[in-house]
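Below is one structure; the comments refer to it alone.
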Amino acid sequence: MKFIHVGDTHIGNVYKNDIRNEDVKNAFKQVVDSALKYNVDFVVHSGDLFNEGNPDLGALLFVTDQLNRLKESGIKVFIVPGSHDVGMGDEDSIVELFDRNGLLINLNSKRYISNEESGFHLEGETYRNAFLCGIRGKRSKVENEIFKRLKIKIDAKAWIRIFIFHHTISSLGEQFKDLDTESLPKGFEYYAAGHWHGHKDNISYDEGIIQYPGSTEYCDEKEMVDNPNRGYYLIEYGEQGIEKIEYCLLKTREKTIVRINADKKSAGEIESEVISALSKNQGKTLVIKISGKLSGKRGDLDLGRIKKETAELGYSYTSINTAKLVDDDDNVVEIKESDLNNIESEFLKSRGYNDDAIALAKMLIEATASKSSSESIKVRAEEIFDKYDNKRP
Ligand SMILES: [Mn+2]
């Protein structure tokens, strides 16, 4: 028996660039091609099927077509919704629509869950001698609300037990975590993890292993720079459990990363240096990182000119990162905290905001972080203001 474990496919508008959004779709299509080629028994998806909870029609039709290809070959798809698969303020996920249309199995559909005083009771499915269950990604209080109260009806007779979840666990680094590794339920051979877009395999836990396949395409410039490749897992199992695991690479567009040190250079000199580092090509992606202290004003740098040049040379996508570029006018704020959460707080404190204002700002940052429509952000913002009003003495 074999299955594919994939995650974070992010179908939809990851980029404001049609070619890159097509790349994101193409990565998913490659996974479906492989599932058919290897004739797997089923596919496990660890969340973020879509990039947003309210995907556009093109994304919905594409996913429908791909899931139909699997269905026609008798390959079932088991999934839990990821943090991106849920619209702002929504209880249900877009994934549930596909469950009801019979194109996949949402293991967090209400029929699997009963949240009672005695605990958060979860059921799963046994299919081809594999037991599968999971918990969807959520933004807050997930450990106390769900994981710490989790009671699972595990099928002890299954050959392999698979737990699917969508969180960054503390084993990947305390500063990134939104779930303590130890909060995961015990008694599973394979923990199919999503949310972390880098790929990380073979993390030991209890009697099993935790595996992050990462995203199937680079979802931002940072992923392009930090992570060398994209892929999914192909797992074979038998009566004795896991027999073989292979990390399979997906074909991604060629990329070029250019780093420029701007120290003591004028805007014109920097532009020339960038352009001379580039060459004619057939649609590569390009990341230009400019850092240091330029002489003159940061605003003098003509990013439009650079982008025009790169388009003419054939690059399909250009990202210019000037986050670490400063000029004489810049007042650099010293941030000593390393925890992401604290960086926000310390930055706001340095700008003179009081604790109440910071708390409100952080709620809004959380609410707007998922690129939802302005209407749903408005609804969420109103909820936040209500909550804020209630908290006041
Ligand atoms: Mn994701």
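Once you know that position 139 of the sequence shown is 154 in my numbering, the rest is easy, because the numbers rise by one and skip nothing. A virtual CB, placed ideally from N, CA and C, is assigned to each residue, including glycine. The model shown is predicted, which means the values in this text are computed figures rather than measured ones.
Inset, instruction - Verify whether the separation of the beta carbon atoms of Phe146 and Ile169 is less than 8 Å. - result: Translated into positions along the sequence shown, residue 146 becomes position 131. Translated into positions along the sequence shown, residue 169 becomes position 154. In this structure, Ile169 lies closer than 8 Å to Phe146 by Cβ.
Inset, instruction - Out of Lys377, Asp38 and Asp100, state which residue places its alpha-carbon closest to the alpha-carbon of Gly209. - result: Start at 1 with the first residue of the sequence shown, and residue 209 comes out as number 194. Taking only the C-alpha atoms, the option nearest Gly209 is Asp100.
Inset, instruction - Determine the DSSP secondary structure at Tyr127, reduced to helix, strand or coil. - result: Counting from 1 along the sequence shown, the entry for residue 127 is found at position 112. Helix at Tyr127.
Inset, instruction - State yes or no: is the C-beta of Asp63 nearer than 7 Å to some heavy atom of ligand 1? - result: In the sequence shown, the residue the question calls residue 63 occupies position 48. Checking the Cβ of Asp63 against ligand 1 gives yes.
Legend entry - As assigned by DSSP and simplified to three states, the class of Phe191: Along the sequence shown, one-based indexing puts residue 191 at 176. In the structure shown, Phe191 sits in coil (DSSP, three-state: anything other than H, G, I, E or B).
Inset, instruction - Could you check if Pro243 is buried or exposed, using at least 16 other CB atoms within 10 Å of its CB as the buried criterion? - result: Here residue 243 is taken as the residue at index 228 of the sequence shown, counted from 1. Exposed.
Legend entry - Length of the line joining the Cα atoms of Leu119 and Leu340: Translated into positions along the sequence shown, residue 119 becomes position 104. Translated into positions along the sequence shown, residue 340 becomes position 325. When rounded, the distance between both Cα atoms is 47 Å.
Legend entry - Option in Gly89, Gly104 and Ile161 with minimal Cα separation from Asn123: Here the question's residue 123 lines up with position 108 in the sequence shown. If we check each option's Cα against that of Asn123, Ile161 comes out closest.
Legend entry - Rounded straight-line distance, which links the Cα of Asp371 to that of Arg407: Within the sequence shown, numbered from 1, the residue matching residue 407 stands at position 392. Within the sequence shown, numbered from 1, the residue matching residue 371 stands at position 356. For Arg407, the predicted model reports a pLDDT of 41, less than 50, meaning its position is unreliable; a value from the coordinates is still stated below. Approximately 9 Å between the Cα atoms of the pair.
Legend entry - Proximity test, His182 beta-carbon vs ligand 1 heavy atom, cut-off 7 Å: As a position in the sequence shown, residue 182 is number 167, starting the count at 1. Answer for His182: no, Cβ out of range of ligand 1.
Legend entry - Environment of Lys409 [buried if 16+ CB atoms lie within 10 Å]: The question about residue 409 has no answer, for the chain in this structure spans 16 to 408.
Inset, instruction - Could you check what DSSP says for Leu316 in three-state terms: helix, strand or coil? - result: Position 301 of the sequence shown, counted from the first residue, corresponds to residue 316. Leu316 falls in the coil class under three-state DSSP.
Inset, instruction - Measure the Cβ-Cβ separation of Thr333 and Leu301 and say whether it is below 8 Å. - result: Taking the sequence shown and counting its residues from 1, one reaches residue 333 at position 318. Taking the sequence shown and counting its residues from 1, one reaches residue 301 at position 286. Yes. Within cutoff.
Legend entry - DSSP state of Glu361 mapped onto helix, strand, coil: Locating residue 361 in the sequence shown gives position 346, where the first residue counts as 1. Note: Glu361 maps to helix in three-state DSSP.
Inset, instruction - Please indicate yes or no: does the CB of Ser411 lie closer than 7 Å to some heavy atom of ligand 1? - result: Missing from the structure shown is residue 411; the chain here goes from 16 to 408 and no further.
Inset, instruction - Just tell me which of Asp343, Cys234, Lys312 and Ile290 has its CA closest to the CA of Lys323. - result: If you number the sequence shown from 1, residue 323 lands on position 308. Of Asp343, Cys234, Lys312 and Ile290, the residue nearest in Cα terms is Ile290.
Inset, instruction - Using the Cα positions of Ser88 and Leu51, report the straight-line distance between them to the nearest angstrom. - result: Counting from 1 along the sequence shown, the entry for residue 88 is found at position 73. Counting from 1 along the sequence shown, the entry for residue 51 is found at position 36. Each residue's alpha carbon lies about 7 Å from the other.
Legend entry - Of the residues Glu236, Val240 and Ile260, the one placed nearest Ile224, counting alpha carbons only: The sequence position of residue 224 within the sequence shown is 209, counting from 1. It is Ile260 whose Cα lies nearest to the Cα of Ile224.
Inset, instruction - Quick one: give me the first and last residue of the alpha helix (DSSP H) that Val47 is part of. - result: By one-based count along the sequence shown, residue 47 stands at place 32. It spans Asp33 to Lys52 - the alpha helix (DSSP H) in which Val47 sits, taken as one unbroken run.
Inset, instruction - Could you pull the start and end residues of the beta strand (DSSP E) that Ile305 belongs to? - result: Counting from 1 along the sequence shown, the entry for residue 305 is found at position 290. Element bounds for Ile305: Thr300 to Lys308.
Legend entry - N-terminal and C-terminal residue of the alpha helix (DSSP H) that Ser291 is part of: Here residue 291 refers to the residue found at position 276 when the sequence shown is read from its first residue. Segment Ala282 to Ser291, the alpha helix (DSSP H) holding Ser291.
Legend entry - Integer-rounded CB distance, given that Lys166 should sit under 8 Å from Gly134: Reading the sequence shown from its first residue, position 119 is the one you call residue 134. Reading the sequence shown from its first residue, position 151 is the one you call residue 166. Between Lys166 and Gly134 the Cβ distance is about 4 Å, and since that is below 8 Å, they are a contact.
Inset, instruction - Report the partner residues of Tyr206 according to the DSSP bridge assignment. - result: As a position in the sequence shown, residue 206 is number 191, starting the count at 1. According to DSSP, Tyr206 bridges with Phe178 and Ile225.
Legend entry - Same chain, Cβ closer than 6 Å to Lys304, five either side skipped, listed in chain order: Residue 304 sits at position 289 when you count from the first residue of the sequence shown. Cβ neighbours of Lys304 beyond the five flanking positions: Arg274 and Asn336.
Legend entry - Alpha-carbon to alpha-carbon, Val157 and Ala374: For the purposes of this step, residue 374 is taken as residue 359 along the sequence shown, with counting starting at 1. For the purposes of this step, residue 157 is taken as residue 142 along the sequence shown, with counting starting at 1. Computed Cα separation, rounded: 19 Å.
Inset, instruction - Can you give me the Cβ contacts of Glu255 inside the same chain, cut-off strictly under 8 Å, excluding the 5 residues immediately before and after it? - result: For the purposes of this step, residue 255 is taken as residue 240 along the sequence shown, with counting starting at 1. Reading off the sequence, residue 255 comes out as Gln, not Glu. Trp174.
Legend entry - Anticipated Cβ contact below 8 Å, Lys17 with Leu249, distance rounded: Against the sequence shown, residue 17 aligns to sequence position 2. Against the sequence shown, residue 249 aligns to sequence position 234. Indeed they touch by this definition, with Cβ atoms about 6 Å apart.
Legend entry - Integer Cβ distance of Thr183 from Asp193, believed to fall under 8 Å: By 1-based counting over the sequence shown, the position of residue 183 is 168. By 1-based counting over the sequence shown, the position of residue 193 is 178. Thr183 to Asp193, Cβ: 5 Å. Contact.
Inset, instruction - Check whether the Cβ of Asp193 lies closer than 7 Å to any heavy atom of ligand 1, and answer yes or no. - result: For the purposes of this step, residue 193 is identified with residue 178 of the sequence shown, where counting begins at 1. Asp193 Cβ: outside cutoff for every heavy atom of ligand 1.
Inset, instruction - Taking only heavy atoms of ligand 1 into account, decide whether any of them is closer than 7 Å to the Cβ of Gly229. - result: Your numbering for residue 229 matches position 214 in the sequence shown. Because no heavy atom of ligand 1 lies under 7 Å away, the Cβ of Gly229 does not count as near it: no.
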